[in-house]
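Structure, as structure tokens:
Chains as they are written, first to last, in our numbering: chain A, 3 to 317; chain B, 56 to 380.
In structure tokens:
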């Protein structure tokens, strides 16, 4: 579903990057629309960071073009990047400067009154009280938030965040998620977020592209993606195991578990049961006098999702 | 126009790091040590009262100048020397004694080939590599500022820092030298323009100038040499992306520069090395050049060529290379 061009804020077409023999990014294309949170999902080493480095002009693609608000990054570097705020990999700032000095430093690189937004942004990322402390005294979460304040200084149309949840505690991750959602909803900002965790992308993003071994799939809404990959695997722990397996076999295939049952109340059985038949299965198990301890639907791994979607074993 | 803001950024980073304070400390400690050493050594020379000595020499010179048999080249020399003695006697100064201004002037010569280049290297070698080491290069180069402007602002800040260092060196040398040897004597005439010709000295170019003019020139040359070293060190910082490696390379080059003329004095091509061209104030005041054919003009040209080539290469690499650190 091609979006109308005016709606696309960040567009990558056929990006390719080689390091010697190794192809880090192969023919990656996607469009990020105005006001959406776009997830870039892939396992570590899939080419996410290399792609982001190309998006922000740190690395030159061997092939392909990047357009930001229609401006080609290769030919209009300064104008294109004036619409972008970013954090690449870790939020590295000058540790020997205070938070305020760091923000002033990057405001000077923007000009046009960016320095006037420092107070407002510090309040937004809840750093106002520590703004005059040296960054070397900040926690990782605070540096991440200062990094976001820095990225927002230029009032960008696109915010690019590389693994923003890395190294943060659950509370920190939640804060970042809320911030990202509210930036998109209240300021109409487009946010490009990379992650290796499906759960994180699921909670934060509107649409997602999956990257695997340097290749991407066409972007799709998160719900659509989850629906496509929802697997029929069920993990059942029940006693007695033999009776449970017998009942389950009437509903679908039974596979042995991974055998790691040491701290579990009952051995694991893997069942292939379609979601709509699960209530019937449970009733049947109870009727047969089986004690069901746990029943869960495991999240598909990125690898599985990728293979599921491409339907190919040769990637 | 963002450029002044960018230079302000770079100056802030230089000033906020410990390096600038260390450089100031090195200058103060080193000059203090030298002044103390020469102050202690000074008292041993005097056998008789310098007033008597200077008057005897004045009388002798006056006799030789009146003497019609004195050759014209020597006459020039005697007149210079007489004027110099007269200047000191008029002001009740010991003509052979070192003064604060003289000390400050001599410091330019001695600092130009090792100390000032070294301090320039301290600033330059991490001005780019530190951004890589801290990871801040990723932010610096993703702002809407072209890479050439980023490096240009770093170059401007570097030149400013080196300029401040040279000024500070001269100022501290004068303050400390003056404390030990007196602050007066900037107007004293000094002889300059010695030029080697064949086996002897060609006296035709010798002239007498006020010490302060001589000092301004000497510091200007030392400053220029330090700037050129800074430009070359900037290139090593860009290419090596490691402060330690960049500093090591430059210091090794400096040391080589002080060894090569001694070990291979007859190798003529060495005059085209930037390290042998560094003691510009020496070449200017006419201490016999250790390398045949290396005049102050050629040395300035050699340094300028090296610095220009280094800057071209630094900008070329910095604006093109992928940042994957």
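Note that beta-carbon positions come from the ideal geometry of N, C-alpha and C, so glycine has one too.
Every value quoted in this text rests on a predicted model; they were computed, and no experiment measured them.
In whole angstroms, what separates the C-alpha of residue i from that of residue j?
| i | j | result |
| --- | --- | --- |
| residue 80/B | residue 220/B | 11 Å |
| residue 337/B | residue 236/B | 23 Å |
| residue 115/A | residue 105/A | 12 Å |
| residue 369/A | residue 73/A | A question about residue 369/A goes unanswered here, because the residues of chain A that appear run from 3 up to 317. |
| residue 321/B | residue 348/B | 11 Å |
| residue 287/A | residue 68/A | 56 Å |
| residue 298/A | residue 196/B | 47 Å |
| residue 211/B | residue 62/B | 7 Å |
| residue 192/B | residue 98/A | 15 Å |
| residue 96/A | residue 334/B | 37 Å |
| residue 289/B | residue 365/B | 8 Å |
| residue 149/B | residue 138/B | 14 Å |
| residue 113/A | residue 308/B | 40 Å |
In chain B, which residues lie with their C-beta within 8 Å of the C-beta of residue i?
| i | result |
| --- | --- |
| residue 165/A | Going along chain B, no residue has its Cβ under 8 Å from residue 165/A, so there is no contact; the nearest lies around 13 Å. |
| residue 61/A | 377, 378, 379 |
| residue 94/A | 189, 190, 191, 193, 194 |
| residue 91/A | 190, 193 |
| residue 65/A | Going along chain B, no residue has its Cβ under 8 Å from residue 65/A, so there is no contact; the nearest lies around 14 Å. |
| residue 71/A | Within 8 Å Cβ-Cβ: nothing; residue 71/A doesn't reach chain B, min ~12 Å. |
Just reading off the alpha helix (DSSP H) that residue i is part of, what are its end residues?
| i | result |
| --- | --- |
| residue 152/A | 142-154 |
| residue 162/B | 155-167 |
| residue 176/B | 170-179 |
| residue 272/B | 266-295 |
| residue 282/A | 280-289 |
| residue 340/B | 335-340 |
| residue 83/A | 79-83 |
| residue 117/B | 105-121 |
| residue 128/A | Here residue 128/A belongs to no alpha helix (DSSP H), and DSSP marks it neither H nor E. |
| residue 136/A | Segment: none, residue 136/A is in no alpha helix (DSSP H) and carries neither H nor E. |
In terms of residues, what are the limits of the beta strand (DSSP E) holding residue i?
| i | result |
| --- | --- |
| residue 214/A | 209-214 |
| residue 14/A | 10-21 |
| residue 242/B | From DSSP, residue 242/B is part of no beta strand (DSSP E); its letter is neither H nor E. |
| residue 198/A | That residue, residue 198/A, is in no beta strand (DSSP E); it is neither H nor E in DSSP. |
| residue 295/A | 293-298 |
| residue 89/A | 86-89 |
| residue 239/A | 235-241 |
| residue 272/A | 270-274 |
| residue 160/A | 160-164 |
In this structure, how does DSSP classify residue i when only helix, strand and coil are distinguished?
| i | result |
| --- | --- |
| residue 57/B | coil |
| residue 66/A | strand |
| residue 350/B | coil |
| residue 198/B | coil |
| residue 257/A | strand |
| residue 1/A | Here chain A comprises residues numbered 3 to 317, so residue 1/A is not present and cannot be evaluated. |
| residue 138/B | helix |
| residue 252/A | coil |
| residue 36/A | coil |
| residue 329/B | coil |
| residue 379/B | coil |
| residue 29/A | strand |
Please classify residue i as buried or exposed, where buried requires at least 16 other C-beta atoms within 10 Å of its C-beta.
| i | result |
| --- | --- |
| residue 180/A | exposed |
| residue 61/A | buried |
| residue 150/A | buried |
| residue 3/B | Residue 3/B is absent from the model: chain B starts at 56 and stops at 380. |
| residue 152/A | buried |
| residue 226/B | exposed |
| residue 58/B | exposed |
| residue 91/B | exposed |
| residue 187/B | buried |
| residue 222/B | exposed |
Show which residues of chain A have a CB atom less than 8 Å away from the CB atom of residue i.
| i | result |
| --- | --- |
| residue 61/B | 110, 111 |
| residue 67/B | 99, 103, 107 |
| residue 64/B | 107, 110, 111 |
Which residues of chain A have a Cβ atom closer than 7 Å to the Cβ of residue i, listed in chain order?
| i | result |
| --- | --- |
| residue 201/B | 79, 80 |
Establish whether the CB of residue i and some CB of chain D are separated by less than 9 Å.
| i | result |
| --- | --- |
| residue 197/B | Looking at the structure shown, chain D is missing, and the protein chains on hand are A and B. |
List the residues of chain B whose Cβ lies closer than 9 Å to the Cβ of residue i, in chain order.
| i | result |
| --- | --- |
| residue 131/A | None at all; the shortest Cβ gap to chain B is about 22 Å. |
| residue 88/A | 193, 194, 197 |
| residue 138/A | Per Cβ cutoff of 9 Å: no residues; residue 138/A is ~11 Å from chain B at best. |
| residue 1/A | Outside the displayed range of chain A (3 to 317) lies residue 1/A, so it cannot be described from this structure. |
| residue 152/A | 194 |
Residue i touches chain A at which residues, Cβ-Cβ below 9 Å?
| i | result |
| --- | --- |
| residue 71/B | 96, 98, 99, 103 |
| residue 57/B | 110, 111, 112, 113 |
Just to make sure I have the definition right: I need the residues of chain B whose C-beta is within less than 7 Å of the C-beta of residue i. Which are they?
| i | result |
| --- | --- |
| residue 58/A | 197 |
| residue 23/A | In chain order: nothing, as chain B lies at least about 16 Å away. |
Can we count residue i as close to the ligand COA, meaning its CB is less than 8 Å from some heavy atom?
| i | result |
| --- | --- |
| residue 199/A | As presented, the structure is devoid of all ligands, the ligand COA included, so that no description of it is given. |
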